[in-house]
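J.:
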Amino acid sequence: MVGLPRIWRQVGRGLLALCVVVTLALVVGVASHFQEVEQGLKTYSLLRFQALQPVSTDRLLTGAIKGMVESLDDPYSTYLDTETYRKLQESVTGSYGGVGLLITLDEKDRRLVVVSPFKGTPAQRAGVKSGDYITAIDGRDTAGMDLETASNLMQGQPGTKVELSILSTGATAPRKVSLTREVIKVPTVDGKMLPGHPGVGYISLTMFNEQTGADLGRELADLRGQGMQKLILDLRNNPGGALPAAVDVASYFVAKGPIVYIADQKTSEPLMARGYAQPLPLVVLVNKGSASAAEIVSGAIKDTKSGTLVGETTFGKGIVQTIFPLPGNAAVKITTHKYLTPGKHDINKKGITPDYVVPMDPQLEQQVLTHAPDLERDLQLQKALEVLGK
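Its first residue numbered 8, the sequence shown is counted upward by one per residue in this note's numbering.
1) Does the Cβ of K168 have 16 or more other Cβ atoms within 10 Å, making it buried, or fewer, making it exposed?
2) Of all the beta strand (DSSP E) runs that stay within the bounds of the region 130-172, which reach a length of 3 or more residues?
3) Can you tell me which residues form a DSSP beta bridge with S211?
4) Less than 8 Å separating the beta-carbons of R243 and G296?
5) For V375 and I308, what's the separation of their Cα atoms in angstroms?
6) Would you report the Cα separation of S158 and D353, rounded to the nearest angstrom?
7) Quick one: Cα of F125 to Cα of Y83, how far?
8) Please determine if the region 350-364 and the region 313-333 are in contact, where contact requires at least 3 C-beta pairs separated by less than 8 Å.
9) In whole angstroms, what separates the C-alpha of T85 from that of Q162?
10) Look at the alpha carbon of N245 and the alpha carbon of L292, and state the distance between them as a whole number of angstroms.
11) So what does DSSP say about D353, is it helix, strand or coil?
12) Suppose contacts are defined by Cβ-Cβ distances below 8 Å. Is E319 in contact with P366 by that definition?
13) Quick check on the DSSP output: the alpha helix (DSSP H) that includes I303 runs from which residue to which?
14) Which partner residues of E189 appear in the DSSP bridge assignment?
15) The alpha helix (DSSP H) with Q373 in it runs from where to where?
16) Which word fits K237, buried or exposed, when buried means at least 16 other C-beta atoms lie within 10 angstroms of its C-beta?
17) According to the neighbour-count rule (16 or more other Cβ atoms, all chains shown, within 10 Å of its Cβ), is Q17 buried or exposed?
18) Quick one: residues in its chain with C-beta nearer than 6 Å to the C-beta of M200, no 5 flanking neighbours on either side, listed in chain order?
19) Let me know the secondary structure DSSP gives E383 once reduced to three states.
20) Measure the C-alpha to C-alpha separation of S137 and L109 and round it to an integer number of angstroms.
21) Please report the distance separating the alpha-carbon of R225 from that of V394.
22) The alpha helix (DSSP H) with P251 in it runs from where to where?
23) Nearest CA to the CA of A270: which residue from T343, Q218, S211?
24) Mind checking Y268: buried by the 16 CB within 10 Å criterion, or exposed?
25) Buried or exposed, going by whether 16 or more other CB atoms sit within 10 Å of the CB of R147?
26) What does the Cβ neighbour count give for S78, buried or exposed, with the cut at 16 atoms within 10 Å?
27) Hey, I210 and A253: beta-carbon distance below 8 Å or not?
28) In terms of residue numbering, what span does the beta strand (DSSP E) encompassing G220 cover?
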């Protein structure tokens, strides 16, 4: 390093030290798992040069990455190729071409199940409901299919068609539903004053994305300007979304203290209310399609007694995924944390039980949520108004 400025000599020494540490770590790893490394190299050689169908090194290495992620046996952890990663980013920040479904994997039998349809989308108009199983997409059996593959098959250019085989609870055989893809604008906030109920506002949140907090703030200000004194917040069939958006939304209703605790393998960290709440009499509507970020908001409001929950037990997704970008515009999505409500309740696979449980026939629920707020037929909305009246 003769002739280099001192700072660059220091950088060089630092890089050299880092290389030594990494090399030593690799040596130790290989030494302690020599047989597995040998098996991997042997398998690569056999697939590369002995398989009947030619396979590229790129494809083999991508398969190895997928295999490592799949070894977690976690339906929410997956490898995202370039196209899948791009579509995921679109769904969180803007819009995409698709049918408007949030899906997950049934952890018991690994089948694709609908968490909820987005309001006003082709899937909802066709009667696809929370809890329905998707057994095939364009005739392709979904048994063993990962979430990203299923999402990619359902997404596509607006105007094109996709056929889903849907098995509803209690049905003996799936039905085929042909859907025309549309531009799905990821919904956020919709609000109004309820006719015939002076001073009562109604706000529906149908997704948590980067704009939801700001959209909600504007809607609350607008309704207060119209004389709102009480609020019904509808989180039914809200599939969740971005964690920061959930904290932002809850901060409009929880005056102080933790909104949620984020826990990893060793520690838990509270995410605190942001200090701009203007508390008012509040009822939150939830159902089995209320998941993830919707459960963070519901749990925070229930535990802090900032409002009352009405409806049905929520979905029970109490884990958080983190996306780690990879070279080449790919990424891996890994479950890294679980969350606890302010009362330190772990709701994963359990859900949140509302203060007032009001079951509703699935078919009726589908109809009233399509036309919400439905003051005539929505039993849960009617109960919310009764609670506010007290």
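From the three backbone atoms N, C-alpha and C, an ideal C-beta is built for every residue, glycine too. Every value quoted in this text rests on a predicted model; they were computed, and no experiment measured them.
T.: Let me spell this out:
1) Residue numbering aside, residue 168 sits at position 161 when the sequence shown is read from its first letter. Exposed, since its Cβ has fewer than 16 Cβ neighbours within 10 Å.
2) Taken in chain order, the complete beta strand (DSSP E) segments of 3 or more residues contained in the region 130-172 are 140-144.
3) Counted from its first residue, the sequence shown places residue 211 at position 204. Answer is D197, D241.
4) Residue mapping note: residue 243 aligns to position 236 of the sequence shown, counting from 1. Residue mapping note: residue 296 aligns to position 289 of the sequence shown, counting from 1. Going by C-beta atoms, R243 is nearer than 8 Å to G296.
5) Along the sequence shown, read from residue 1 onward, the residue named residue 375 stands at position 368. Along the sequence shown, read from residue 1 onward, the residue named residue 308 stands at position 301. Cα to Cα, V375 sits roughly 24 Å from I308.
6) On the sequence shown, residue 158 is found 151 positions in, with the first residue counted as 1. On the sequence shown, residue 353 is found 346 positions in, with the first residue counted as 1. Taking the straight line from one Cα to the other gives about 28 Å.
7) On the sequence shown, position 118 is the one that residue 125 refers to. On the sequence shown, position 76 is the one that residue 83 refers to. Their Cα atoms are separated by approximately 20 Å.
8) yes
9) Here residue 85 is taken as the residue at index 78 of the sequence shown, counted from 1. Here residue 162 is taken as the residue at index 155 of the sequence shown, counted from 1. Distance between the alpha carbons of T85 and Q162 is about 18 Å.
10) Taking the sequence shown and counting its residues from 1, the one referred to as residue 245 is at position 238. Taking the sequence shown and counting its residues from 1, the one referred to as residue 292 is at position 285. Taking the straight line from one Cα to the other gives about 10 Å.
11) Sequence index remark: in the sequence shown, residue 353 carries index 346 (1-based). In the structure shown, D353 falls within a strand segment according to DSSP collapsed to helix, strand and coil.
12) To locate residue 319, count along the sequence shown from 1; it is residue 312. To locate residue 366, count along the sequence shown from 1; it is residue 359. Going by C-beta atoms, E319 is nearer than 8 Å to P366.
13) By one-based count along the sequence shown, residue 303 stands at place 296. Per DSSP, I303 belongs to the alpha helix (DSSP H) from 300-310.
14) As a working mapping, residue 189 is identified with position 182 in the sequence shown. BP columns for E189 point to G105.
15) For the purposes of this step, residue 373 is identified with residue 366 of the sequence shown, where counting begins at 1. Unbroken alpha helix (DSSP H) run through Q373: 369-377.
16) In the sequence shown, counting from the first residue as 1, residue 237 sits at position 230. So K237 ends up on the buried side.
17) Residue 17 sits at position 10 when you count from the first residue of the sequence shown. Low local confidence applies: a pLDDT of 47 at Q17 is under 50, so the model's placement there is unreliable, and no value is given.
18) Here residue 200 corresponds to residue number 193 of the sequence shown, with the count starting at 1. Cβ neighbours of M200 beyond the five flanking positions: G208, Q233.
19) Position 376 of the sequence shown, counted from the first residue, corresponds to residue 383. E383: coil per DSSP, three-state reduction.
20) Taking the sequence shown and counting its residues from 1, the one referred to as residue 137 is at position 130. Taking the sequence shown and counting its residues from 1, the one referred to as residue 109 is at position 102. One C-alpha to the other measures close to 9 Å.
21) Numbered from 1 along the sequence shown, position 218 holds the residue referred to as residue 225. Numbered from 1 along the sequence shown, position 387 holds the residue referred to as residue 394. Rounded to the nearest angstrom, the two C-alpha atoms are 26 Å apart.
22) Along the sequence shown, read from residue 1 onward, the residue named residue 251 stands at position 244. Taken as a continuous stretch (DSSP letters only), the alpha helix (DSSP H) holding P251 covers 250-257.
23) As a first step, residue 270 must be located in the sequence shown, where it is residue number 263. Of the listed residues, the one whose Cα sits closest to A270 is T343.
24) For the purposes of this step, residue 268 is taken as the residue at position 261 of the sequence shown. Y268 should be labelled buried.
25) Position 140 of the sequence shown holds residue 147. Exposed is the call here.
26) For the purposes of this step, residue 78 is taken as residue 71 along the sequence shown, with counting starting at 1. Exposed is the call here.
27) What you label residue 210 is simply residue 203 of the sequence shown in a count that begins at 1. What you label residue 253 is simply residue 246 of the sequence shown in a count that begins at 1. Cβ distance not < 8 Å, so I210 and A253 don't count as in contact.
28) The count along the sequence shown starts at 1 and reaches residue 220 at position 213. G220 -> not in any beta strand (DSSP E); alpha helix (DSSP H) instead, spanning 219-232.
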